Every structure is written in structure tokens, then in C-alpha cells.
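Residue numbers (the numbering used here), protein chains in the order written: chain A, 1 to 347; chain B, 1 to 347; chain C, 1 to 319; chain D, 1 to 319.
From the three backbone atoms N, C-alpha and C, an ideal C-beta is built for every residue, glycine too.
Owing to the predicted nature of the structure, the values given are computational and were not obtained by experimental measurement.
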Ligand SMILES: Cc1ncc(C[n+]2csc(CCOP(=O)(O)OP(=O)(O)O)c2C)c(N)n1
Ligand SMILES: Cc1ncc(C[n+]2csc(CCOP(=O)(O)OP(=O)(O)O)c2C)c(N)n1
Ligand SMILES: [Mg+2]
Ligand SMILES: [Mg+2]
């Protein structure tokens, strides 16, 4: 095992797969400038040349179809967007083309394409640089949607995504980039479609998506210490395909479920989890599934409103208290994650 | 009351509002050709001139932003798409612009814009002319999403949409166009955000979206006659804002809920209903909410597969039998809606 | 290839396309082909001429209006008709229908019914070809209306910027459904694409061998320089946008146009050409008969073939 | 307006923009403006020159890089700084931040941080103006990079086709973030837009009165003919794409370019011009002092102003 950051993990996955398979190439805005998508594409152009790592014009719609054309010709494109919001320009290619091209060919064509995009919160990013959109992508049959949380998962899932013969959308939370964690030294993969039990517990299940795992772990730590509550945290890691089994069996065990999503609630992944759990744990569940996610508003810029827009560890704690009938936890002296110091603007 | 078709109801709403308010104009591909969007824009160009009813270049992305620009300048654009699938080209304008332009102005700008699109099944339309996508639109805060089922609702809701000061997406199922129904002779509106109890019943609640109301009514008729079962059918009519109260109180009464959606299930409106009901009817509900919708595949062309892709009255009957522990209903001699005869191609 | 051989091949393509479309017009009212059809009648020379200049390895990409393309790129006729009938033996087991035809085996890779949306896919294919140093060219076919979509311009820029081996074939019938080009475009297509630094050739001939000659030059140029080329070719759509009928009665265009274009009808032109270069009526008839027979047989097989089993719905989503 | 009055006004705009941006550079490290800033330093003449040619009723639309536009269109300076501070007294109560500035009261209607996405909105505004027979013109500002997005071409076509009173202002700094235009565009902008039948004027001057003159001609032409006009104006971005620092050290462009452009720095040019036409140093100083004071006061107020209450999050979604 070695300890690396999430950013390095992504970079390693790209380097490794480009070394392994000459069909893999990386493209998108900013992938070859000096910032290298926050360092995740560092070294690629030097190592593999501008033929396999290149910037493009500002043309998200075209460049998505471009990847599809390359993929059905046996290449393995990795298209990168510095913000998921810009993928909205490519929704036609995603929902009308990528998702159904194989089906319309009667199974003759394969589409081994990866789209990486950065999601969620930056730093006063406002409504057009703050979305997550995994619910929308996962709604469309034919694409896979992956949201790794740890460096280990980031590397292992990105490798799986690159080797997958289908379109895979990999969504990375900006704040995760600086998180460190252990990663195997040898070649490994994390399967797409397998959840991770981040923490075992018997009292309540929290299904947490992407960054919300960090918040959930914090909440669980506090509740363990201060209330003696054992929270089980399940990170689905891949939204589609979804490891329904892992979620169902956890909730059957604990009898309570919170879904801490990182998206809007309405018609979102949180609703899917609530539907799933209430269908399959109908007998076992002791309280309704509680959903947590973005406020039902566009994302504002100013910090006090932005802080309210995004869900966090305190929200999780309060919901758990409510569900388990606990007295309010004393949070004085607790330090919560804040980017005030770690993460200074502008992006 | 007069009896008119859904198609005529839409047309009347447009004529009436264009007469009432010179700020209303209608545009989009095909709106002024001899087919007139299946007749729904008939007479407009003759009556109001090419300045208020005009075709455009093939440029869905631009023409959506165009509507936004016109709307913030006090006009009331009605943009029409003959297939909802083409709106995917405009997802950036919808999700990044229309939805948040007012918010980003701090409430200074108003966006009285309507987007009408035809959804669902035509006639061997395949994957790119067969979607519904209301779940995706409704996921995004800042837009309203309306799916009228009857001529009365089509007219009343379209009038409300045109008078609304927010972006409203109105989705019309192609097969509804030929359905006739009663409509008040005088000026009226149907409020956005108010469900309709299509049929009262005590045994089970079916929440049905758009065309699925036709299927649900058929299913309810049969079950009433053959099994003595009283099905309550709730047509939400507007997906966002959603009349949660109507749904919750129906399910509290019947104790069983089926959501017959006309979209994919995963992260869809059906999940939202399941989440809503299982949260608010936790005590009252006697069986898990059952979801019905598109198969989790792209839509195929050939009839046998297309028939399996879309949900129908028989599916509803089977689910109800299952939920209420009924013996299989004898469906011999029953005539179900089929477009085989009513609706011949090509569109 | 001798001139006579070439012209015979061109005729075979054009005649087969025409007759296949006429066959569809005959069968369609029976309601056994449950798929919207956008027929290629009038368009044959463009497709046949360009495809004649391509090798089998060269790839083509098309739209919902791709019957001609399928046939000219020599896709399997049995699978073609079976697809229109929605049968399991169709190219895509009936999933694709008329609007999403393809035949990857013969180089017709994919088509799309969202206007212009196949263009960037073809650009990506051209990139792949170059990346893999394959000796082949990609041709993408689209209508005049497609040039209005933003992605067309993005694709033009990307392919010129990256010097990709792609042939853009704009089939300009001056119509998008019922809307005339003058109500949709502030530019003229050949003039507007030139500033991207692309070779452009524009013509309104319906003579397939002329189009073949043009296309051959274009394809040679692409193979030599590795750069994109733009063909802007006019034709007249004889029938309604979608469906099997004439529709001059609706007044959005006039029958005189038809009469004028029909004077230089692709099938007639090429048949006369064969006679003029000394091919006998008998030899022509035998080409025609072979085509007729092949169509008849394919239709028969398609009519009798079974549908896919309904569980087929859930296949082919993921690889 | 006298020449001297005009030039003073231009200088006031340019100087205020520059000093406001410099103020932001000074304050930013304190981390009290929690919003990404794309500064306008170097760009002042383009914005000031064009806006000077517009009336208050004329509308403008911009990008994430719109500080200059806000100031040149004479938006409220208190509300400007308050917005950057994220305060309730900001133009959008802190919701918009730097990237979504607007000032509908003064004709700056909206801006967008998704490249090119504001362009069709401006086209729709121009349509509305024409529809309502209002005597006003719409100007839309965007970068060279925006022309690569498909929606730019769609918008160009629509506005030319429908003869809309819109002024396209392409502010070409040859960069999109760190990517040089030659790595992104196979075309040159003025050449590529011409075939749409639009008047085009291209220049690389940094002299605000030259730009004013050009813009005035363009706006007059639009008012007279009701047709769109395209201004392609070059400038040099002095600082990094987003943020407050110089970044020549990163090697994607060279400092020599800066030196060359700085030789014709907008502020210097216009100050010299004032002196040359006989405006005294004292008078200039008083313009400068007034601007400095106004900035200082606005910053003070902004710093002291309260944030919006958190329930404000849920306001302004629906009208
Ligand atoms: C993005 C999109 N918008 C609208 C349509 C509806 N539509 C189908 S064909 C067509 C006309 C296309 O015209 P053109 O590109 O000239 O092709 P042609 O039909 O003339 O061959 C339109 C508007 C569509 N399929 N896709
Ligand atoms: C659709 C989209 N793609 C990518 C981005 C990221 N991005 C922000 S600014 C920018 C460069 C734009 O360049 P240009 O239009 O020349 O404007 P400039 O910054 O030079 O003023 C890019 C690519 C974005 N905001 N929107
Ligand atoms: Mg056409
Ligand atoms: Mg630029």
C-alpha cells in the first residue's frame, strides 16, 4: 500500500492505462495546459505526446460525439470536463447517441468511452459551476455513472471505467482531490456496480454519495463518541449500475435509512434510494427513508447561502438524532470540514 | 361545455392567449407549415401574421436562449418542439440559463416562457423520438413541468403556462391529440400545481402520468366490472410544482399506491412518488409503492419490442391483482387501446 | 475498372435504390413496415456517385434518410428489408428500423435521426482512422438543414483544425421537412464553409458519373493530404419528407421544380448513358432483372421471417 | 457632446474600471470576496468605447468577465462591490457574485459563465426590441473562444436571417484560459462570419476613442438598417484567466507581448489624449480622485454591509 491523494490516484490510473493500452487517449479543454485539470492529467502530454493527450476547441457537443466515433472504432477515449455543468451542452450526444448507439446497432458496436467531470462545490461557484447531475445521467439507460470517494476507489474505478466497453461517466468532487488514502501498489481494479461499506454499524444506515461520505464519516465519529450510536455508511460508488443488494441488506439490518446525496432531491438519486429501500425493506424499516441533498434552488454564490445550499455533517447528525430519538448532540468543540482555510479561490 | 379534441384544445389556448396578449408569440420548427404540429398551431400565422408565428432554422439550443432573451424583455414566447428528444440539444439553456436567470438577477428578471413538446410513443419512432424526460426537467429547480391529459386540462393548463411568469415546459403525448372531451366555453384556467382526481375509489391509488391516465381508466373499468375493485386515479397534471397533498391523502385513504409513469424508472418521477408516499404515508401504507414505466432500455422500433417497452393497462391490472391478492382477471373479450388502427404511420 | 464496368455498377446502385424505394412505396400501405420512412427517391446519384468512389473499408455515416446509403455501400439486402419489417433477421433485429440503419460489416457504421448529430461522430471516426494510421476515409452524409445546427460548425472546425480524413457530403434539397432553405439560412453553404480552410466543391448535377468523378477527386485529395473535403450537392426530393407520397399539392413547393429535375432523373440519365456507351438494352435489362429479383427475394424473406422474441428488448444495452 | 467631454467620459470609464480591478486585486487576498474573478485589465478600451456609443436604453449582455461592462454601462458601484463581497446590498443579494453580474436598471441585462450561452439570449432580446418597435440596440460581448461553440453560429444565422438590431462584440484576446487561438480555430473570426451577410469590422487598437468611433458607426448602421453588425476587437489580457495575478511565468504566452501591448495601455493612451487636447493635469486628477473616492466608498459600504439572511436562499426562484 502507498498513500497518495485522490488527484494522484486519478493521474496514476490514466498513466497506467495509457501505458497498458495504446488505444486510450485523453482529451478536453485544459487537459494539457500548466494546470492540468488540477493536476490529474499531469505528465500525460510529455509521456504520451500530443497525439494522445490534447486540448480541443470549446465545443462540448461535438467533442462528445467525437468520442463516440472514436470509441466505435476501437479507441478508448477519456473526455474531461472541468465542470459537469458544461456537459449539459452535450446532453443530446449523451442521451440520444452514446446511450443508444449500441442498441441501435443490434449489439454490433461497442462504446468504450469515459467522460470525467468535476462536480459540486468549489468556491463561490454559483449556479453554473456547482451541479452534480448524476441523477440525470443515471436516468438514461445505456450509460454508467460512477462517483468515487477515496483515492483507492478513484484509481480502481477509473481503471475499470477505461476498460469497460460502455460509456462510463466518472464524476469527481473537487474537494476530494486533496484527500489522501491508501492505494495498492500493484495493478488493481474496483468493479463497477459494487458498493463499499465504508463503516460498519448496527443502528442506522447512511447511504452517502461522493463528498457526502466525508461528511457522513465525520457525523458517525461524533455520534459514536458522544451518543454511542453505530452508524453504518454505505458508499454506492457507482450509481448505475447500482449495488441494490448492499443497500438493502444494510437497511434490513439497521432498520433506518438516510440517503445523503449530493444533488437535488426531486426526481433524483435520493428518491431512487428511498423507493428502493421502501420497496425491499418494507417489513424491516422502522422509519421513513430520509433524504438529504441540495436545496431546491439554483446554487448561490455568497458563502452564507452556499453553506445552506449544500448538505453537511451537522445535517446528518440532526437527522439521526431525530430518527433515533436522541437528545441533541453537543457539537461544541467539534471541527467540521471547512474549505475556508484549505481551499482558497478562485476555483 | 363543448366537446373538442386535445389538439383543438391546445389550438384554442394558443389563439385565445395570442388574442388576449400581444406579447405572446409562437415559434419553432414546423409551426407554420401545412401540418402545423399536428394541427395544434393551425390558423395562427393567418390570424396573427408571420411576426407572431414563425418557423426557425434548425437550432434548438439558440432558439431556447432566444426565448429567454425575449421573455426577460416582456414577451411571452411559446417555443414548440415536435419531439421532446430535440430539447436535449437545449439542455444547457434549460438547466444552466432558463432555470437560474431569475435567481442570478436577485429576482429582478421574469421569464414568462413556455416550451411545448410532444412526448412518448408515436409509431415505430425508435430511441430518438420516443422519450418523455419530464423527470429530468423536473429535477432542475427553476422550471415548471406540466403534462395535461384531457382536452380540458390541455387548454386550461396551457393558458396558465402562458400567463405564468416562469419557464413552463408543457409535455403532450402524441396519442392524446385525438382524444375528445368537454371543455368550458368560457375563459378558464387550470392551476399549475393542482392534481386531478380522475376517478374516485377506495381500494387502491394509481398515480398516472399523461397517457397512462387513459390506460389506468381502462384498467379501473375492467377491475370494477370484473373484480368489484374501486381504483382511485390521481393525475398530478403538473409534475413540478407537485400537488403532494392530493397524492398523500389518496394513498392514506386507500393504503396502496401504484405510480404509472411514462418515463424510465431509475431516478425518475416514479421514484419521487415512491419516496414521497413512503415518507408521508408510512403508517397507512399496506404494501410498497409499485412503479411502472418504460423498460430500462432505449426504445426499440419494432412493434413487439415497442409494445413491451411501454407500460399499459394490462400491466396496471396485473399489479393491482398482485397487490390486492386477486385472482387473475379474465381479459378475454376486452379491447385495449391500440394505435394499430387509429394511428397509422409514419409519425 | 473500365468505363463501361463503372457505369454499369453505378446504374446497378441507382436502379436498386430506386426500385427498393418503389417497393417500399408499394408495401407500405399494408402497414407491415411499422417504421417512419424518409425515402431517397431523387437522391440516388449523390449517394451512388460518392459511394462508388469509396472502398469497402471506407466508412460512411448517415441520417434517418439512409436507405440509399445502405444500398450503395452494399449492405445486405435481406437484412435491410428485414429491418424495415422489424424482424429478428434485420440489421439490428428490428430495433433500429428505417431511421437508424447501419451495416458496420460493409462500412456503413451508424446513422442518427437527430439532425446533424451524426456529424461529430464521423469526425471522431476520422480521428480514429488517423490515430490508427489506417488507410481509409470517412464520409458523412447530411442535409442542408443540418448545417444550421451548431454542432455542424463545431465539427467543421475540429476536422479542419486537426486535419482529419473526412468527406463532408451535404445533400442539399433546399428543404428541411417543408421549410425552404431561404427561410432558414442567411448564408450559402459552400461560401460559409470555405473560411474554415476546407476544399469545397458544389454542384447540382444529377449525373452519377459526374458525381463519381468529383467524389473520386475529393477522396484522392483526402488520402493524399489527410485533410477534410466538402461536397455540396443538390438534388430534388421527389416525395414528401417522411412517407411514401408525393406532396406538391400542399403548396410549399411547386410541381414545376419536379418536372425540371425529373428531366434529368438519375435513373434515366444513367440508363441513357449505358445505351450511349454501347451497352445493349439486353444487358441493361439483365442488371435490372437481377436487382428486381434480389429485392423481391429479400422482401419475401423479410415478410416470412419471425420477429425478435420480446426478451430481446433487454439485450444489446451494455457490452 | 464636445470632443473634450466625450474623451473625459471615456477616461472616467476606463480609469474607473482599471482602478476598481486594482482595488479587487488589493482586497482579494483578504479572502473577503469569495467569488472567482475574471478581471478586465487590458480590456478597458473595448468595453468603454463600445458602451460609450450606446444609450442607457440600449441593452448589453456579457460573460463571467463583466466587471468592465458593469461599470461602463454605469451600474451602481455600491451594488457592484457589495455583490463581490456577497452582501445583501449586492446587485443580486450576493447570489450572482462576479460571474453573473447584471444591472437591468442600467441596461446590463444578464451575463453567463457558460461560454457563449448568453449570445442567443441577446439575440432573443434583439428580437423583442424589434417586436416591440423599441428604438434600442442590443450589444452582446463575448470572447474569441465563444465563437467555437455551435450556438454562436446558430445565433449569427438567426440574427442575420431575421435582421435583428444586435451588435456582436467579439473581444479577442487570442486566449481561452491558457489555450492559444491557433490551437482552437481553423478560421479567422472576421472572415468566417462574413458569409452570413453581416457587416464586420475588425481592429486591434487600444485607443478608446477609436473604438468609440467604430462602435458609433456600427450602432448607427444598426439603427438605420435594423441589421446586425459584428465588431471584432483585439486586446491583451494582462492577468491570469481567473484570479488577480500575472502569469507570464507559466510559459503559455510571453511577457514580450505584454510589454508591447502595455506600450499602448488604455489608461495611458486616454490620459495622454486628454492632455493632448488641452485638458489640464488638475482636471484629470479631479476625475481620477472622484473615481478613487467612489470606489473607496463603495468598498467600505460593501465591507460593512450585512449578508443576506439564510432564508434568502429560497427566494427569487419563481416569480
Ligand atoms: C435536432 C433535430 N431537430 C429537428 C428534427 C426534426 N426533423 C427531422 S428531419 C428534419 C429536416 C432536416 O433537413 P435536412 O437536414 O435538410 O435533411 P433532409 O430531410 O432534407 O434530407 C427535421 C427538422 C430532428 N430530427 N432533429
Ligand atoms: C461551455 C463552457 N466550456 C468551458 C468553460 C470553461 N471556460 C471558462 S472561460 C473559458 C475560456 C473562454 O475564452 P474566451 O471566450 O476567449 O473568453 P476570455 O476568457 O478570453 O474572455 C473556458 C473554456 C465554460 N465556462 N463554458
Ligand atoms: Mg434538406
Ligand atoms: Mg479569449
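_Using a strict less-than 6 Å threshold between each residue's beta carbon and the heavy atoms of ligand 3, what residues do you get?_
143(C), 144(C), 145(C), 173(C), 175(C) and 176(C)
_Beta carbon proximity, residue 174(D) to chain A, threshold 8 Å_ = no
_Please state whether the Cβ-Cβ distance between residue 45(D) and residue 259(D) is less than 8 Å._
no
*Check residue 113(C) in the structure and name its three-state DSSP category.*
coil
*asked:* Applying the 10 Å Cβ sphere with the 16-neighbour rule, what's the burial state of residue 245(D)?
replied: exposed
*Can residue 200(C) and residue 230(C) be called in contact, C-beta distance under 8 Å?*
yes
*Decide if residue 103(A) is buried, meaning its Cβ has at least 16 other Cβ atoms within 10 Å, or exposed.*
buried
*Which chain B residues are close to residue 207(C), counting only those with a beta carbon under 7 Å from its beta carbon?*
Neighbours of residue 207(C) on chain B: none; closest Cβ ~29 Å, over 7 Å.
*Where do the ends of the alpha helix (DSSP H) carrying residue 67(D) lie?*
67-72
*residue 95(A) by DSSP, collapsed to three states: which one?*
It is helical.
*Can we count residue 70(D) as close to ligand 2, meaning its CB is less than 7 Å from some heavy atom?*
Ligand 2 never approaches residue 70(D) closely enough for any of its heavy atoms to be under 7 Å from the residue's Cβ.
*Three or more beta-carbon pairs under 8 Å between the stretch 40-48 of chain A and the stretch 123-135 of chain A, yes or no?*
no
*Using only the heavy atoms of ligand 2, determine whether one of them is closer than 7 Å to the beta carbon of residue 84(A).*
no
*Determine the burial state of residue 300(C): buried for a count of at least 16 other Cβ atoms within 10 Å of its Cβ, exposed for fewer.*
exposed
*Could you tell me which of 303(D), 115(D), 143(D) and 89(D) sits nearest to residue 175(D), measuring between CA atoms?*
Of the listed residues, the one whose Cα sits closest to residue 175(D) is 143(D).
_Reference residue 339(B), options 255(B), 253(B), 215(B) and 131(B), closest by Cα_ = 215(B)
_Considering just the uninterrupted stretch of the alpha helix (DSSP H) at residue 47(D), what are its terminal residues?_
44-52
*Tell me which same chain residues have a C-beta within less than 6 Å of the C-beta of residue 185(B), skipping the five on either side of it?*
2
*Taking 8 Å as the cut-off, decide whether the C-beta atoms of residue 219(B) and residue 317(B) are in contact.*
yes
*How would you label residue 289(C), buried or exposed, when you count the other beta carbons within 10 angstroms and need 16 or more for buried?*
exposed
*Going along the chain, which residues of the stretch 300-311 of chain B sit with their C-beta nearer than 7 Å to a C-beta in chain C?*
300, 301, 302, 303, 304, 305, 308 and 309
*Using DSSP with H/G/I as helix, E/B as strand and the rest coil, what is residue 134(B)?*
helix
*Does any residue of chain C bring its CB to less than 8 Å from the CB of residue 115(D)?*
no
*Any residues in the stretch 16-44 of chain D with a beta carbon nearer than 7 Å to a beta carbon of chain A? Which ones, in chain order?*
Per Cβ criterion, the list reads 31, 34, 35, 36 and 37.
*Is any beta-carbon of chain C found at less than 8 Å from that of residue 142(B)?*
no
*Can you list, in chain order, the residues of its chain whose CB lies under 7 Å from that of residue 37(A), leaving out five sequence neighbours each side?*
Same-chain partners within the cutoff: 30, 31, 80 and 82.
*Measure the alpha-carbon distance for residue 85(C) versus residue 219(D) and round it to whole angstroms.*
Rounded to the nearest angstrom, the two C-alpha atoms are 59 Å apart.
*Per DSSP, residue 173(B) forms a beta bridge with which residues?*
119(B)
*When Cβ atoms are compared, which residues of the stretch 23-46 of chain B fall closer than 9 Å to chain G?*
The question asks about chain G, but that chain is absent: this structure's protein chains are A, B, C and D.
*Any residues in the stretch 185-215 of chain A with a beta carbon nearer than 8 Å to a beta carbon of chain C? Which ones, in chain order?*
none
_I need the boundaries of the alpha helix (DSSP H) containing residue 180(B), first residue and last residue._
Element bounds for residue 180(B): not the alpha helix (DSSP H) but the beta strand (DSSP E), 180-183.
*Alpha carbon to alpha carbon, what distance is there between residue 50(C) and residue 215(C)?*
5 Å
*asked:* Strictly below 8 Å CB to CB, what residues from chain D border residue 70(B)?
replied: 124, 125, 127, 128 and 131
*Assuming residue 124(A) contacts residue 173(A) (C-beta within less than 8 Å), just tell me the rounded distance between them.*
Not confirmed; about 16 Å, so no contact.
_Boundaries (first-last residue) of the alpha helix (DSSP H) holding residue 119(D)_ = 119-131
*How is residue 241(C) classed by DSSP in three states: helix, strand or coil?*
The answer is coil: DSSP assigns residue 241(C) none of H, G, I, E or B.
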